[in-house]
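Since the structure comes first, as structure tokens, the remarks are kept for the end.
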Amino acid sequence: MNAILNSMTLKPCKDGTIEARYALVTMNGNGTKAEQRNGTQPVALRCSGLVKRYADVTAVDGIDLEVRTGECFGLLGPNGAGKTTTVEIFEGLTKPDSGVVEVLGKRWGAGHDRALRNRFGVQLQETQLSEKLTVKETVQLFRSFYSRGLDVESIINLVELNEKADARVGKLSGGQKQRLAIACAMAGDPDLIFLDEPTTGLDPQARLKLWDIVEQFRAGGGSIVLTTHYMEEAARLCDRVAVMDHGHVIALGTPAELIASLGADQIVEFSVKGRVEEESLEGLAGVRGVRATKDGYALTVSEIATALPALLAEIEGERAELVTLTTHQATLEDVFVSLTGRMLRDA
Amino acid sequence: MFLSVLLEECCAMPEQVTINGVETETEERKGEASRSAVSAKQHKKDERPAAESKRFHPLLELTLARVREFLREPEVIFWVFVFPILLVFALGIAFRNQGPQKVHIAVERSESNPSASSAIFDSLSRSHDLSIVQLSSAESAQALRSGKVALVVRANDGGGATTSGATSPSFNYRFDPTRPESRQARMLVDDALQRGAGRKDVTSASDETVTEPGARYIDFLIPGLLGMNLMGSGLWGVGFAVVSARTRKLLKRFAATPMRRAHYLLSFVLSRLFFLFLEVAVVIAFAYFTFGFRVHGSWLGMVFLLLLGALTFSGVGLLVASRPKTIEGVSGLMNLVMMPMWLLSGTFFSSSRFPDFLQPFIKSLPLTALNDSLRAVMNDGTSLATSWIAIGILLAWCVVTFVVALKIFRWQ
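Protein sequences appear in the order of chains W and Y.
Per this note's numbering: the first sequence = residues 1 to 347.
Per this note's numbering: the second sequence = residues 1001 to 1412.
Right under this line is the structure:
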């Protein structure tokens, strides 16, 4: 962690305040910001045996997780996987039917809920902030709820909305609104923030900007719990990812570990005119797995250099005609597909 | 806008003073342990060069947000400020005092004997209290039925073709005895016709007329309208804002912050007080200059009652809005709550017209309590002490609705 922070101070930073804060932390030799925030607490959040049932569905079905201090932890899964319910249980907004949650070392309902809420920030998926208020007024309102935190201008600076400070919320673009939501989450200088699908519906540029902000927060020692159904978002931002489906955690690890668990680094997808036997594909050199797709096959491949010529020879041998062929680096999407047989986005 | 300036100044007050003023004793103690733990760590954090901001009190910030949202909603301004004036104006015009009111009657034109009906018309025309029209048989029946005239006079066929002849004239009065103005018309018309036929009074009487201050209909109406406005704007203003924040998941977002939930509800009550002054001042000033309306009792007492009324109805508004998830839901509920009070609480006519067995119920309604106590102060000029029952009822509504609303409030 120290190494990361030291390297951060060398990098040119867009925001002066943040930069100054890192510099001080490292110069004082006080240890990492994360340690300073949370004392010796190594775990930001812990839950075990979490279950939440609704009338017609079990949204969360026995989840055990641990989020380390200073890490960005991702809950990746399709819509309806139970990510939002899980996060809202963490945030103390939903009561679980059973299970234990410990946020920043404290449990909900033990008499210090307000003190606990003072230490984390949230961004909810569906919240529409008041359109009639300006950016500054909104941040000022949220800032007033917390006993600590930066001043309003600095918070607005953090999310780069300085130019829009006096604009009405109703006039902001989708990306700007989302950044304002994050500013509100950061109003109390939190140790931990929960972001529920922060970039859903944003254009690529707005998404990149938001990722920057999240990375800056993490670099400052803050812990993050983030839900998303974008694999590239999880891969870019998260130190560790829990893949969720139907209320279960079906895989857990760093993005690299999860991809490595496929035992392959390339995915080859192709379609042919004619027939190719699935069994013969499985026998090809360098091929680790075969899966039928809508109009062909997807192969998980460990050595593309040997697998590709073998595949082409096989197709020719079967007197079939190659129609399409694409290869890409294995991603979290492929992990999800291999675990569930479904794509993240159509699931 | 001067309101927000005012608030901004309040915000600059030392934080601790206001916090202690609002937080309750028990909550303070409960939070003590955890807070000291936090503040110990905060000391360490404070060493960072990043400036810790001066924090405004959340209750003031919330109230300020309410006021801003409200002022930036032009249609609300119309309903709160312009609509009451239009109402006062329209009612004031419709029920203005135009000297003694004339009674409208009709004389039925006789086809067979036109001179008889014009003779009746002539003798009635001498009366200053009557306004007379000549109508055909069918027309007069229609006019009576629709209430345009209070009574129809007809010369009986058997009766006098000549007023000077031997046979005395005979008349027929057609009217509805359940209508007070019809009975009055019967007396006036009969009196005029009898005198016209030569009746002489046997005793003499003289009239002495007086007009009591505050006894006009507009004087009765203004306190009632103020009460009704406070109810309407309290319920609509609070109800819509709360439910729309709930549908937009803003309440849920607030619930995830350390904001005190009572502060959120209180901000509605406080923001209502700011608008109360404008709302009331506009109506009273308008009535003062247009209709010569005067407050006969103490202004201080009136302001106290209006404040209490505004608090009470924002409490009722919070309670009504504490559960519904949709605007449609809360609208229905608000109409359900307001309808009985519109009818029963004596805004447009005295609630004493309702039967006795209903009176205990009517008296316990907050709008009745507000209207009655406002009239006592504004029209009769009595002291607040005489209205202590009504004030007690308002206080009870205010406290109970707020506490229950806080208890059952749906944040998600």
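Ideal placement from N, C-alpha and C gives every residue a C-beta, glycine not left out.
Where residue i falls: helix, strand or coil (DSSP)
{"i": "residue 1271 of chain Y", "result": "helix"}
{"i": "residue 230 of chain W", "result": "coil"}
{"i": "residue 244 of chain W", "result": "strand"}
{"i": "residue 334 of chain W", "result": "helix"}
{"i": "residue 1026 of chain Y", "result": "The predicted model places residue 1026 of chain Y with a pLDDT of 40, which falls under 50 and marks its position as unreliable, so this point remains unresolved."}
{"i": "residue 47 of chain W", "result": "strand"}
{"i": "residue 1296 of chain Y", "result": "coil"}
{"i": "residue 305 of chain W", "result": "helix"}
{"i": "residue 1111 of chain Y", "result": "coil"}
{"i": "residue 1309 of chain Y", "result": "helix"}
{"i": "residue 273 of chain W", "result": "strand"}
{"i": "residue 130 of chain W", "result": "coil"}
{"i": "residue 1103 of chain Y", "result": "strand"}
{"i": "residue 341 of chain W", "result": "coil"}
{"i": "residue 289 of chain W", "result": "strand"}
{"i": "residue 1277 of chain Y", "result": "helix"}
{"i": "residue 1172 of chain Y", "result": "strand"}
{"i": "residue 1411 of chain Y", "result": "coil"}
{"i": "residue 221 of chain W", "result": "coil"}
{"i": "residue 1048 of chain Y", "result": "Residue placement at residue 1048 of chain Y is flagged as unreliable, the pLDDT there being 40, under the threshold of 50; the coordinate-derived value follows with that caveat. Three-state result, residue 1048 of chain Y: coil."}
{"i": "residue 280 of chain W", "result": "helix"}
{"i": "residue 1125 of chain Y", "result": "helix"}
{"i": "residue 1198 of chain Y", "result": "coil"}
{"i": "residue 1136 of chain Y", "result": "coil"}
{"i": "residue 321 of chain W", "result": "strand"}
{"i": "residue 1151 of chain Y", "result": "strand"}
{"i": "residue 1209 of chain Y", "result": "coil"}
Beta-carbon proximity check, residue i vs residue j, cutoff 8 angstroms
{"i": "residue 270 of chain W", "j": "residue 296 of chain W", "result": "yes"}
{"i": "residue 1415 of chain Y", "j": "residue 1269 of chain Y", "result": "Coverage of chain Y is limited to positions 1001 through 1412, which leaves residue 1415 of chain Y absent and any answer about it impossible."}
{"i": "residue 1150 of chain Y", "j": "residue 1182 of chain Y", "result": "yes"}
{"i": "residue 308 of chain W", "j": "residue 281 of chain W", "result": "no"}
{"i": "residue 278 of chain W", "j": "residue 264 of chain W", "result": "no"}
{"i": "residue 238 of chain W", "j": "residue 90 of chain W", "result": "no"}
{"i": "residue 1061 of chain Y", "j": "residue 158 of chain W", "result": "no"}
{"i": "residue 1327 of chain Y", "j": "residue 1344 of chain Y", "result": "no"}
{"i": "residue 155 of chain W", "j": "residue 165 of chain W", "result": "no"}
{"i": "residue 1218 of chain Y", "j": "residue 1293 of chain Y", "result": "yes"}
{"i": "residue 179 of chain W", "j": "residue 161 of chain W", "result": "yes"}
{"i": "residue 1251 of chain Y", "j": "residue 1310 of chain Y", "result": "no"}
{"i": "residue 1091 of chain Y", "j": "residue 1221 of chain Y", "result": "yes"}
{"i": "residue 301 of chain W", "j": "residue 329 of chain W", "result": "no"}
{"i": "residue 318 of chain W", "j": "residue 276 of chain W", "result": "yes"}
{"i": "residue 169 of chain W", "j": "residue 138 of chain W", "result": "yes"}
{"i": "residue 53 of chain W", "j": "residue 97 of chain W", "result": "yes"}
{"i": "residue 1390 of chain Y", "j": "residue 1322 of chain Y", "result": "no"}
{"i": "residue 259 of chain W", "j": "residue 335 of chain W", "result": "yes"}
Check: residue i C-beta below 7 angstroms from any heavy atom of the ligand MG
{"i": "residue 70 of chain W", "result": "With respect to the ligand MG, the structure offers nothing, as it holds no ligand at all."}
- Message: In chain order, what are the residue ranges of uninterrupted beta strand (DSSP E) at least 3 long that sit wholly in the segment 132-219 of chain W?
- Response: The segment 132-219 of chain W contains these whole beta strand (DSSP E) runs: 192-196.
- Of the residues that make up the segment 1058-1078 of chain Y, which ones have a beta carbon closer than 9 angstroms to any beta carbon in chain W? The segment 1058-1078 of chain Y vs chain W, Cβ under 9 angstroms: 1058, 1059, 1060, 1061, 1062, 1064, 1065, 1068, 1069, 1070, 1071, 1072, 1073.
- Message: Within 8 angstroms, do at least three Cβ pairs link the segment 1187-1202 of chain Y to the segment 1227-1246 of chain Y?
- Response: Touching, no.
- Query: Between the segment 72-92 of chain W and the segment 223-232 of chain W, do three or more beta carbon pairs fall short of 8 angstroms?
  - Reply: Touching, per the Cβ criterion.
- Is the number of C-beta pairs between the segment 1277-1291 of chain Y and the segment 1224-1232 of chain Y that are closer than 8 angstroms three or more? Three or more Cβ pairs closer than 8 angstroms define a contact, and the segment 1277-1291 of chain Y meets that threshold against the segment 1224-1232 of chain Y.
- Do three or more CB pairs link the segment 1059-1075 of chain Y to the segment 130-144 of chain W at distances below 8 angstroms? With a cut-off of 8 angstroms on Cβ pairs, the segment 1059-1075 of chain Y is in contact with the segment 130-144 of chain W, counting three or more such pairs.
- Write down every uninterrupted run of the beta strand (DSSP E) in the segment 52-124 of chain W whose length is 3 residues or greater and which is fully enclosed by it, in chain order. The DSSP assignment places complete beta strand (DSSP E) segments of no fewer than 3 residues inside the segment 52-124 of chain W at 58-68, 72-76, 98-103, 120-123, in order along the chain.
- Message: Across the segment 1326-1346 of chain Y and the segment 1297-1308 of chain Y, are there enough close Cβ pairs to call them in contact, namely three or more that are closer than 8 angstroms?
- Response: At 8 angstroms Cβ cutoff, the stretches do not touch.
- With 9 angstroms as the C-beta to C-beta threshold (strictly closer), list the residues of the segment 212-231 of chain W near chain Y in chain order. Look at the segment 212-231 of chain W: it has no residue with a C-beta under 9 angstroms from a C-beta of chain Y.
- If you pair each beta-carbon of the segment 111-124 of chain W with each one of the segment 182-196 of chain W, do three or more pairs fall below 8 angstroms? Between the segment 111-124 of chain W and the segment 182-196 of chain W there are three or more inter-stretch CB-CB distances shorter than 8 angstroms, so the stretches are counted as touching.
- Item | Any alpha helix (DSSP H) of 4 or more consecutive residues that is wholly inside the segment 1320-1408 of chain Y | Listed in chain order, the alpha helix (DSSP H) elements of length 4 or more contained wholly in the segment 1320-1408 of chain Y are 1327-1344, 1359-1364, 1366-1378, 1388-1408.
- Task: Below 7 angstroms between beta carbons is the criterion; list the residues of the segment 1236-1257 of chain Y that meet it against any residue of chain W, in chain order.
- Result: Within the segment 1236-1257 of chain Y, the residues whose Cβ lies closer than 7 angstroms to some Cβ of chain W are 1248, 1249, 1250, 1252, 1253, 1255, 1256, 1257, listed in chain order.
- With 9 angstroms as the limit, tell me which residues of the segment 136-147 of chain W have their beta carbon closer than that to any beta carbon of chain Y; keep them in chain order. Of all residues in the segment 136-147 of chain W, those with a C-beta nearer than 9 angstroms to a C-beta of chain Y are 137, 138, 140, 141, 142, 143, 144, 145, 146, 147, reading in chain order.
- May I ask you to verify whether the segment 238-256 of chain W touches the segment 52-68 of chain W, counting CB pairs closer than 8 angstroms and requiring at least 3? The segment 238-256 of chain W, when compared against the segment 52-68 of chain W, does touch it at the 8 angstroms Cβ threshold.
- Query: Quick one, which residues of the segment 1254-1283 of chain Y are near chain W if we go by CB-CB under 7 angstroms, in chain order?
  - Reply: Under the 7 angstroms Cβ criterion, the segment 1254-1283 of chain Y contributes 1255, 1256, 1257, 1258, 1259.
- Query: How do the segment 98-105 of chain W and the segment 45-56 of chain W stand: do at least 3 beta-carbon pairs fall below 8 angstroms, yes or no?
  - Reply: Flag = yes, the segment 98-105 of chain W and the segment 45-56 of chain W touch.
- Message: Three Cβ pairs or more, each shorter than 8 angstroms: is that satisfied between the segment 200-208 of chain W and the segment 63-70 of chain W?
- Response: Verdict: no, contact absent.
- Interface residues of the segment 82-93 of chain W facing chain Y [CB-CB below 9 angstroms]: So the list reads 88, 91, 92, 93, given in the order they occur along the chain.
- Task: Note down, in chain order, all residues in the segment 178-192 of chain W with a beta-carbon under 7 angstroms from any beta-carbon belonging to chain Y.
- Result: So nothing in the stretch comes that close.
- chain Y contacts from the segment 116-130 of chain W (Cβ-Cβ distance under 9 angstroms): Going along the segment 116-130 of chain W in chain order, one finds 116, 117, 118, 119, 120, 121, 122, 123, 124, 125, 126, 127, 128, 129, 130 with a Cβ nearer than 9 angstroms to chain Y.
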